[in-house]
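First to last, the sequence lines map onto chains P and U. Numbering follows the working numbering, with no gaps: position 218 of the first sequence is 218. Numbering follows the working numbering, with no gaps: position 43 of the second sequence is 43. Each residue gets a CB set at the ideal place from its N, CA and C atoms; glycine is no exception. Data first, discussion second: the structure below is written as structure tokens.
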Amino acid sequence: MKILGKITILLCGGLLLFFTSDFPDFGDANSPASTHLSPYFIEHTLEDTAVPNVVTSVLADYRGYDTMFETTVILTAGLACFLLLKIPTKEVKQRYYRHEPTGVTLRIEGDRYPDKSAVFTRIDSTWVPSDMIINFTCRILISFIQIFALYVVAHGHHSPGGGFQGGVLLGASVILFAISGNLRAAIKQFGEKTAALFGAAGVFIYVGTAALCLALGENFLNYSALAPLLGTDRIMARSHGILSVEIGVAVAVMAVMIWIYYNLSSAGKQDEGL
Amino acid sequence: MTVYISGLLIVGGLFFFLIGSIGMIRLPDFYSRLHAAGIIDTMGLLLSMSGLALLILSDFNLGNILSALKIILIVVFIYLTSPTATHAIVDAGIRAGLKPWSKK
């Protein structure tokens with residue numbers, strides 16, 4: 001079975017390498033991309049979509065299909081990590097507790113654990129006392145990171161940014177929380193089910209926006225069809241459609257980032273970790 | 001006038017960058033090298049960034065004030081995060097059992 005997998009990978013890789021030679025050279029001025037596509041995008045973006053940032057309009061409008069399936073690929077990556085790594089929590093039969101009055105660490109096997117109280121505190125097997133400086137700084141920074149992430153998502157029309165970058169920032173803020181405190185606290189705030197749900201919801205927002213255009217009688221992903229719903233003209237509707245799609249991308253990327261982190265950092269146990 | 005002051009600040013910042021990078025290579029152990037790296041992030045960045053902010057503000061209008069504000073924000077966030085990161089790395093080093101360097 002392993003040999004079969006290797007043969008498949010070698011065959012696919014070989015084919016990809018073989019046909020790379022047919023591509024135009026990097027930066028070739030005579031390639032179709034440079035002679036036809038780029039000038040069109042640069043000249044027509046503003047009048048077509050009312051978005052000053054060419055990159056955003058190309059990403060979410062002109063080649064919206066590509067971005068849609070990129071988002072799906074991200075969700076698939078999260079699912080793959082989950083299916084490969086996740087271990088049911090019932091199989092974990094060992095926990096460490098700290099008896100606060102005496103400072104003694106107890107290892108309890110089986111499933112009779114003490115209740116959560118001021119006397120017993122659950123700790124990780126590689127326990128590091130929580131550091132006040134790091135906790136405090138991270139708590140201040142997380143809010144700023146999240147505000148900046150929302151700005152990056154919403155301001156992608158005018159400046160570098162957009163759904164992917166904003167989503168990564170949002171995910172990083174939760175991961176920073178998990179690193180500075182502990183994994184269980186982060187999972188309590190943003191659970192694994194929530195992450196899975198948000199990941200699927202992000203893709204759904206993207207595809208839903210596209211399908212809504214289809215339902216309103218125009219092409220899939222042609223945001224101009226949303227004009228009567230939004231009460232704007234057809235060009236502004238494309239701009240708003242891009243924003244809606246970017247929000248979907250941001251939600252999906254954020255959730256999948258967090259989900260992958262949970263599974264990787266705890267080796268699938270989601271019980272203790274960084 | 002502001003151009004000269006900002007130039008002086010930037011040169012001062014670059015001086016600290018130089019000290020920090022020499023220290024990162026030449027100092028004997030992990031902790032003292034981290035100390036040198038900390039100088040780059042704090043003193044070097046503060047001086048060079050305030051020089052840049054002053055240079056922008058020499059042409060005084062709203063757009064430039066916003067740019068200067070962004071530069072100051074960068075400095076503020078680096079001041080919050082860089083010492084915390086250094087602290088966390090030193091903490092991890094001590095916990096992992098790395099002994100500080102001594103002459104013997």
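- Scanning P:T35, P:N263, P:G5 and P:I175 for the CA closest to the CA of A80 of chain P turns up P:N263.
- Interface with chain P (8 Å Cβ-Cβ cutoff): H35 of chain U is excluded.
- Burial is judged here by how many other beta carbons sit within 10 angstroms of a residue's own beta carbon; S239 of chain P has at least 16 and is buried.
- Comparing C-alpha distances from Q270 of chain P to each of P:R95, P:T67 and P:A77 shows the shortest one belongs to P:R95.
- Listed in chain order, the positions of the stretch 98 to 126 of chain P with a beta carbon within less than 7 Å of a beta carbon of chain U would be empty, since no residue qualifies.
- Taking a beta-carbon distance threshold of 8 Å, A88 of chain U counts as an interface residue toward chain P.
- Here V251 of chain P is buried. Its C-beta has 16 or more other C-beta atoms within 10 Å.
- Interface with chain P (8 Å Cβ-Cβ cutoff): T42 of chain U is excluded.
- M257 of chain P and L229 of chain P have their C-alpha atoms roughly 33 Å apart.
- Take the alpha-carbon of G38 of chain U and the one of I123 of chain P: they are about 32 Å apart.
- Classified as buried, G202 of chain P has 16 or more neighbouring CB atoms from the shown chains inside 10 Å of its CB.
- Shown in chain order are the members of the stretch 69 to 82 of chain U whose Cβ falls below 9 Å from a Cβ of chain P: F77, L80 and T81.
- Flagged as an interface residue toward chain P: R95 of chain U, by a C-beta distance shorter than 8 Å.
- L176 of chain P sits away from A149 of chain P, with the two beta carbons spaced by 8 Å or more.
- Secondary structure of L221 of chain P (DSSP, three-state): coil.
- Put simply, the backbone Cα of G208 of chain P is about 54 Å away from that of G103 of chain P.
- The contact set of L150 of chain P on chain U, defined by CB atoms closer than 7 Å, is empty, because the minimum CB distance reaches about 16 Å.
- In the three-state reduction of the DSSP assignment, H36 of chain P falls in the helix class.
- Collapsing the DSSP output to three states places E109 of chain P in a strand.
- With its beta carbon at least 8 Å from every one in chain U, I147 of chain P lies outside the interface.
- Here I87 of chain P carries a coil assignment [DSSP, helix/strand/coil].
- Under the three-state reduction of DSSP, T121 of chain P is assigned to strand.
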